[in-house]
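In this note's numbering, the protein residues as written are 758 to 1037.
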């Protein structure tokens, strides 16, 4: 009798624990749908923003914009633009786009505008184009041709050519901006020490890239936005407005030098996010 009673007492805590575990599991099962219902629908992911720099710059020129976009929850990629030829540069960016899942907002600065116009053509995931102090060439036009259409650019006076031999043996020139004149020509509203760093790290563009005619531009079929710098001394304001209006782009104007992504990252971020909000 004593042994039997003792066994009953030993089993009692185990029985209570098992009963509690079953009750907990049942409660969790019944509570699951209610909790899920309270959480609401899952928000759609934001489009990926791809940033393409132009000649005489590099991907670090987007740093201020990248910081703001990432703080606002946007996936961001700053492409390394080869600056060797328009068709080759566009192909490089197109390959990058092909590896991105979901919609893309494609952004170009300066010559990068010509690159995105070509790279987005036939890239189905590009849903919006944003041009920041950039070229919007039509088929057959080059960056050099467009910058020469209007008065006000100093680019012809500040470039330094260096002869190069390309891998196929053909001759070309690498063009960069004279470091002593970079600040006033490229980024007059950028602090002098920042402009000096930009001048020292600038990436040269070839004569081939700057003179190669554009292919069929994507802005004819993809919605576009343009941020125009009224104090731009590389691509004059009138040239930018002419190209943007021709592309039926939504235009915003700002008192900025050509280095708008460095001097006014907030304005660049604003127009990118404005375009991104239209993407579904």
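Glycine included, each C-beta is placed from N, C-alpha and C at the ideal position.
All values derive from a computational prediction rather than experimental measurement.
{"query": "Just confirm the distance between the C-beta atoms of residue 959 and residue 814, as a whole number of angstroms; I'd bet it's less than 8 Å.", "result": "6 Å"}
{"query": "When you compare the CB positions of residue 976 and residue 893, do they come within less than 8 Å of one another, or not?", "result": "yes"}
{"query": "What residue range is occupied by the uninterrupted alpha helix (DSSP H) comprising residue 863?", "result": "It is not in any alpha helix (DSSP H) - residue 863 instead sits in the beta strand (DSSP E) that spans 861–867."}
{"query": "When you compare the CB positions of residue 826 and residue 1028, do they come within less than 8 Å of one another, or not?", "result": "no"}
{"query": "Let's see if you can read the secondary structure: which residues bound the beta strand (DSSP E) around residue 930?", "result": "928–934"}
{"query": "Considering only the alpha carbon of each residue, which of 918, 1010, 840 and 801 lies closest to residue 890?", "result": "1010"}
{"query": "Count the CB pairs spanning the segment 944–963 and the segment 801–819 that are closer than 8 Å, and state whether there are at least three.", "result": "yes"}
{"query": "Would you kindly work out how many angstroms separate the C-alpha atoms of residue 859 and residue 851, rounded to a whole number?", "result": "14 Å"}
{"query": "May I ask you to report which of helix, strand or coil DSSP gives residue 891?", "result": "strand"}
{"query": "Among all the DSSP beta bridges, which residues are the ones paired with residue 835?", "result": "808"}
{"query": "Take the Cβ of residue 876 as the centre, count every other Cβ of all protein chains shown within 10 Å, and call the residue buried at 16 or more, exposed below.", "result": "buried"}
{"query": "If we require 4 or more residues per run, which alpha helix (DSSP H) segments fall completely within the segment 990–1019?", "result": "994–1003"}
{"query": "Please classify residue 884: is it buried, with 16 or more other beta-carbons within 10 angstroms of its beta-carbon, or exposed?", "result": "buried"}
{"query": "Using the beta-carbon count (16 or more within 10 Å), is residue 784 buried or exposed?", "result": "With a pLDDT of 36 at residue 784, under the threshold of 50, the modelled position of that residue is not reliable, and the figure given next carries that caveat. Answer is exposed; the Cβ neighbour count stays below 16."}
{"query": "What distance in whole Å lies between the Cβ atoms of residue 1033 and residue 831, which are believed to be in contact at a cut-off of 8 Å?", "result": "7 Å"}
{"query": "Expressed to the nearest angstrom, what Euclidean distance is found between the alpha-carbon atoms of residue 1031 and residue 902?", "result": "30 Å"}
{"query": "Check this for me: beta carbons of residue 853 and residue 873, under 8 Å apart or not?", "result": "no"}
{"query": "At what residues does the beta strand (DSSP E) containing residue 972 begin and finish?", "result": "Per DSSP, residue 972 belongs to no beta strand (DSSP E) and is neither H nor E."}
{"query": "Among residues of its own chain, excluding the 5 on either side of residue 918, which ones have a beta-carbon nearer than 8 Å to its beta-carbon?", "result": "930, 931, 932 and 964"}
{"query": "List the endpoints of the continuous beta strand (DSSP E) containing residue 922.", "result": "916–922"}
{"query": "Which class does residue 963 belong to by DSSP, given the choice of helix, strand or coil?", "result": "strand"}
{"query": "Between the alpha carbons of residue 937 and residue 844, how many angstroms are there, rounded?", "result": "31 Å"}
{"query": "Round the Cβ separation of residue 934 and residue 904 to the nearest angstrom and send it over; I've been treating them as touching at under 8 Å.", "result": "About 13 Å separates the two Cβ atoms, so there is no contact after all."}
{"query": "Within this structure, are the beta carbons of residue 808 and residue 966 separated by less than 8 Å?", "result": "no"}
{"query": "Between which two residues does the alpha helix (DSSP H) carrying residue 957 extend?", "result": "949–958"}
{"query": "Would you identify the three-state DSSP class for residue 870, choosing helix, strand or coil?", "result": "helix"}
{"query": "Looking only at C-alpha atoms, which of 899, 1014 and 823 sits nearest to residue 868?", "result": "899"}
{"query": "Assign residue 990 to buried or exposed, taking buried as 16 or more other Cβ atoms, counted over all protein chains shown, within 10 Å of its Cβ.", "result": "buried"}
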